[in-house]
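One structure below.
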Amino acid sequence: MNLHQKNSNLDQNSELDPQVKLLISKMEKLNAPPLNQLSPEQARENMNAATALAGPPEPVALINNIRIPGPSGEIPIRIYKPENNGPFPALIYYHGGGWVTCSLDTHDNICRSFSNRARCVVASVDYRLAPEHKFPAAIDDAYYAAKWIFDNAKSIDCDSTRIAVGGDSAGGNLAAVVSILSRDRGIPDLIFQLLLYPVTDISNTNTVSYENFAEGCWLTKADMEWFRDHYLEKEDDCKNIHASPLLAKDLSGLPSAFIITAGFDVLRDEGEAYAQRLQQAGVSAYLSRYNSMIHGFLSMDGVIDKAKDAINEAATALDTAFYK
């Protein structure tokens, strides 16, 4: 199986998209303190405010908030259903936010879009956040939610033979790790993983993309170090494969993957390295780099046109996996 790549070469003359440049310029004029100088509570407030960058919410046929049993109390999950009758395939979605910020609400627009365009139920998981709940709390919740949805698929009008996991940034990290855990534990049986600019190696900030985009391109190196320090209990945790799935020795037997990266993102290289590792392990992996984009751009579809293109491309990949 070949590793397909689109827009895979970042030309030396590549530039930020004009809409991205304008957004960054507006943010710089605010002279707000950087994320890495905020408390977790302040950072969460800022990320909640950033939902203004998302486009108008798409109507979906049904939204239902439920709570399921987890490893430490209940896990809130928001269920999105498309039009027509089920059972539907299901995407279990984990929001980004560095394991510290964001919520079901900050990623509502993405979940609505995927439900409609991939004709699937989306189960958005409100996993526990750090630093109140350190590694591996988020992973425990993410896996428990996936297993519960697999075991209880009929109750949410889902087909247990067509379940995928997905997420962006830290959520992409959780989706990749849940895929590994599901393979190793034999349940749930996943058919696909959708990884949007994922964190795959929290132990390494020495890549070319970290060097080139350490500052000035939305997510900074200092921001990622801030997230890591809040997330991990101890420094050695960064080398645990459930924190850094790129370090796993064996990636064979994992579900097919669709991976999006952004050209001007500190996480670009590790996301692309993960795609290559999957291909080397015999896993079908498709990599799509958006050269002129920054980290988190899919959540900015209200101000960045290419975000809509990326959402459509990811939804098409999901739909193909579900209905092929």
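In this text, residue positions in the sequence shown follow this note's numbering: the first is 11, and each later residue adds one. All residues carry an ideal CB built from backbone N, CA and C; glycine is no exception. Predicted, not measured: the structure shown is a model, and the values here were computed from it.
1. Specify the secondary structure class of Y103 as computed by DSSP and reduced to three states.
2. Taking its Cβ as the centre, do 16 or more other Cβ atoms sit within 10 Å of A148, making it buried, or is it exposed?
3. Which one or two residues does DSSP pair with I173 in a beta bridge?
4. State the DSSP-derived secondary structure class of R122, mapped to helix, strand or coil.
5. Can you tell me where the beta strand (DSSP E) holding L72 begins and where it ends?
6. Taking N222 as the reference, give the member of D275, H240 and M234 with the closest Cα.
7. So, helix, strand or coil for T210, using DSSP?
8. Within 10 Å of its beta-carbon, does L40 have 16 or more other beta-carbons around it, so buried, or fewer, so exposed?
9. Let me check one thing: in DSSP terms, what residues is I304 bridge-paired to?
10. Mind checking V188: buried by the 16 CB within 10 Å criterion, or exposed?
11. Counting Cβ pairs closer than 8 Å, one from the stretch 189-205 and one from the stretch 258-276, do we hit at least three?
12. Would I87 pass as a contact of V135 if the rule is Cβ separation under 8 Å?
13. Look at the Cβ atom of V1, then the Cβ atom of H240, and state whether they are nearer than 8 Å.
14. Please classify N183 as buried or exposed, where buried requires at least 16 neighbouring CB atoms within 10 angstroms.
15. With DSSP as the reference, label A133 as helix, strand or coil.
16. Suppose you measure from the CA of S18 to the CA of E282; what does that come to, to the nearest Å?
17. Please report the residue range of the beta strand (DSSP E) in which K91 lies.
18. Taking the alpha carbon of N46 as the reference point, which residue from G107, L33, P67 and K36 has its own alpha carbon closest?
19. Quick check: S35 and K91, are their CB atoms within less than 8 Å of each other?
20. I'd like to confirm the pairing. Which residues does DSSP put opposite R195 in its beta bridges?
21. Hey, how far is the Cα of A327 from the Cα of G177?
22. Cα separation between P255 and D151?
23. Does any CB atom of chain D fall closer than 8 Å to the CB of N41?
24. What is the DSSP secondary structure of S309, counted as helix, strand or coil?
25. Using the beta-carbon count (16 or more within 10 Å), is K334 buried or exposed?
26. From the DSSP output, in three-state form, read off I347 for me.
Straight from the coordinates:
1. As a first step, residue 103 must be located in the sequence shown, where it is residue number 93. Here Y103 sits in strand by DSSP.
2. Mapped onto the sequence shown, residue 148 falls at position 138. Taking all protein chains in view, the Cβ of A148 is crowded by 16 or more other Cβ atoms within 10 Å, so the residue is classified as buried.
3. Here the question's residue 173 lines up with position 163 in the sequence shown. Answer by DSSP bridge pairing, in chain order: A100.
4. If you number the sequence shown from 1, residue 122 lands on position 112. Of the three classes helix, strand and coil, the one that applies to R122 here is helix, per DSSP.
5. Here residue 72 refers to the residue found at position 62 of the sequence shown. That run of the beta strand (DSSP E) goes L72 to G80.
6. In the sequence shown, residue 222 corresponds to position 212, counting from 1. It is D275 whose Cα lies nearest to the Cα of N222.
7. For the purposes of this step, residue 210 is identified with residue 200 of the sequence shown, where counting begins at 1. T210 falls in the coil class under three-state DSSP.
8. Working through the sequence shown from its first residue, we reach residue 40 at position 30. By the neighbour-count definition (other C-beta atoms within 10 Å, threshold 16), L40 is an exposed residue.
9. Mapped onto the sequence shown, residue 304 falls at position 294. BP columns for I304 point to F274.
10. Looking up residue 188 in the sequence shown gives position 178. So V188 ends up on the buried side.
11. yes
12. Position 77 of the sequence shown, counted from the first residue, corresponds to residue 87. Position 125 of the sequence shown, counted from the first residue, corresponds to residue 135. Yes, the pair counts as a contact, with Cβ atoms nearer than the cut-off.
13. Any answer about residue 1 is impossible in this case: the structure gives the chain only from 11 up to 334.
14. Here residue 183 is taken as the residue at index 173 of the sequence shown, counted from 1. Buried: at least 16 other Cβ atoms inside 10 Å.
15. Within the sequence shown, residue 133 is the residue found at index 123, counting from 1. Secondary structure of A133 (DSSP, three-state): strand.
16. Counting from 1 along the sequence shown, the entry for residue 18 is found at position 8. Counting from 1 along the sequence shown, the entry for residue 282 is found at position 272. Reliability of the predicted coordinates at S18 is poor, the pLDDT of 41 falling under 50, and no value is obtained from them.
17. Counting from 1 along the sequence shown, the entry for residue 91 is found at position 81. It spans G83 to K91 - the beta strand (DSSP E) in which K91 sits, taken as one unbroken run.
18. Walking along the sequence shown from the start, residue 46 turns up at place 36. For the residues G107, L33, P67 and K36, the minimum Cα distance to N46 belongs to G107.
19. The sequence position of residue 35 within the sequence shown is 25, counting from 1. The sequence position of residue 91 within the sequence shown is 81, counting from 1. When the beta-carbon positions are compared, S35 and K91 stay at least 8 Å from each other.
20. Here residue 195 corresponds to residue number 185 of the sequence shown, with the count starting at 1. As far as DSSP is concerned, R195 takes part in no beta bridge.
21. For the purposes of this step, residue 327 is taken as residue 317 along the sequence shown, with counting starting at 1. For the purposes of this step, residue 177 is taken as residue 167 along the sequence shown, with counting starting at 1. Between A327 and G177, the C-alpha separation is close to 14 Å.
22. As a working mapping, residue 255 is identified with position 245 in the sequence shown. As a working mapping, residue 151 is identified with position 141 in the sequence shown. The straight-line gap from Cα to Cα measures roughly 17 Å.
23. This model lacks chain D altogether, as it is built from one protein chain only.
24. Within the sequence shown, residue 309 is the residue found at index 299, counting from 1. In this structure, DSSP gives S309 a helical state, which the three-state scheme calls helix.
25. As a working mapping, residue 334 is identified with position 324 in the sequence shown. Exposed.
26. One cannot answer for residue 347 here, as it falls past the ends of the chain, which runs 11 to 334.
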